[in-house]
Amino acid sequence: FFFGFQNVNNIQQLVIDGEFDQGPDIPLFFQKTFMDIQEAMEFWQWMRSEQAMAQIWSTSGYFQYGNRLVHDLVRVSQLRVRNVSCKSQAGNPCYPEWHTKYSTTEPFGGHPRPCIGNHSYGNKRNDPWTHSHPAPEVVSRDGWIQASGWDLQGWYADYDFDAAYSFLLNSTLPPGEEGPLLQRTVKFLNCLEANEWIDEQTRAIMVRFISYDGYNDILVNAQMLIEISGRGGFYPRSRIYCFTLLAYETAFLAANICAVIVQILLT
1 FFFGFQNVNN IQQLVIDGEF DQGPDIPLFF QKTFMDIQEA MEFWQWMRSE
51 QAMAQIWSTS GYFQYGNRLV HDLVRVSQLR VRNVSCKSQA GNPCYPEWHT
101 KYSTTEPFGG HPRPCIGNHS YGNKRNDPWT HSHPAPEVVS RDGWIQASGW
151 DLQGWYADYD FDAAYSFLLN STLPPGEEGP LLQRTVKFLN CLEANEWIDE
201 QTRAIMVRFI SYDGYNDILV NAQMLIEISG RGGFYPRSRI YCFTLLAYET
251 AFLAANICAV IVQILLT
């Protein structure tokens, strides 16, 4: 119990409670954390800040107590709504509150995007953002390990992020590559902000990662959710919990990983 609390509390203090810099003036730095995010600009500031989320890239995915990211990856996803009929013609376009019946899977950002799709490998992505259903990632729920297939509960709705508009951020450089990873990541995030990856159709954003404490055999599942209302209000919440890998659970994890590998090979 103590080691689990220690791991969760450490990530909570670093990522959720870490104050992010809003600008060059000292007063702007005071007491702004993930839970204070109220607009898209502040979300990107939190992602880029070495006092908040960007600690992951400045430490190559390592936390205290030997805890590090699984697969060295952070997944960032969003859910979007489509345009609906407005009560008043003058109101077009109209984007409703989140509901699955209003969700859209249409590509967006049709203009060429100079952002780097995979910031570590340097592959250029100029295609629109597409809605995808990635191979199930290993996640935890109620002390078990399983491959996705569940909704994330928010304050105002439940959200299925198994299929979403997503990108991955690496916490380490690929083998054989050198360079300042933090600066690469910040450049990529700046490009996403400049090209309005978050816009009036965005209704939920989730940043999630899983870390592993190998010494104590503990996994920590961190999920940072921001709900966005139809009027543009931002409502952050987070959930971080851990569980111990017992023998039968470790075998179940191995089975999940094998299933994912087979699915990747067959698709």
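The sequence shown begins at 1 in the UniProt record's numbering and counts up one residue at a time.
Ideal Cβ positions, reconstructed from N, Cα and C, are used throughout, including at glycine.
**OP:** Using alpha carbons as the reference points, say which of 237, 15, 129 and 232 lies closest to residue 155.
**Re:** Among 237, 15, 129 and 232, the Cα nearest to that of residue 155 is on 237.
**OP:** Work out the CA separation of residue 34 and residue 11 for me, nearest whole Å.
**Re:** Looking at the backbone, the Cα of residue 11 and that of residue 34 are separated by about 13 Å.
Original post:
Quick one: what's got a C-beta closer than 7 Å to residue 84's C-beta in the same chain, skipping five residues either side?
Top reply: Here the set comprises 94, 96 and 102.
**OP:** Please name the residue, chosen from 226, 71, 207 and 15, that lies closest to residue 52 on a Cα-to-Cα basis.
**Re:** The candidate whose alpha carbon is nearest that of residue 52 is 15.
Original post:
Since residue 202 sits in a beta bridge, which residues does DSSP pair it with?
Top reply: Beta-bridge partners assigned by DSSP to residue 202: 80.
Subject >> First and last residue of the uninterrupted beta strand (DSSP E) at residue 68 >> reply: Unbroken beta strand (DSSP E) run through residue 68: 67-69.
**OP:** For residue 215, count neighbouring C-beta atoms within 10 Å of its own C-beta (all shown protein chains included) and say buried if the count is 16 or more, exposed if not.
**Re:** Exposed, by the Cβ-count rule.
Subject >> For residue 107, the three-state DSSP class (helix, strand or coil) >> reply: Here residue 107 sits in coil by DSSP.
**OP:** Confirm, please, whether the CB-CB distance from residue 56 to residue 226 is below 8 Å.
**Re:** Going by C-beta atoms, residue 226 is not nearer than 8 Å to residue 56.
Original post:
How long is the line joining the alpha carbons of residue 92 and residue 106, rounded to whole angstroms?
Top reply: Each residue's alpha carbon lies about 19 Å from the other.
**OP:** With a 10 Å radius around its C-beta and 16 neighbouring C-beta atoms as the bar for buried, classify residue 48 as buried or exposed.
**Re:** Under a 10 Å Cβ-count criterion, residue 48 is classified as buried, with 16 or more other Cβ atoms of the shown protein chains found around its own Cβ.
Subject >> First and last residue of the uninterrupted alpha helix (DSSP H) at residue 45 >> reply: Per DSSP, residue 45 is one residue of the alpha helix (DSSP H) stretching across 40-48.
**OP:** With residue 188 as the anchor, note down where its alpha helix (DSSP H) starts and where it stops.
**Re:** It spans 181-194 - the alpha helix (DSSP H) in which residue 188 sits, taken as one unbroken run.
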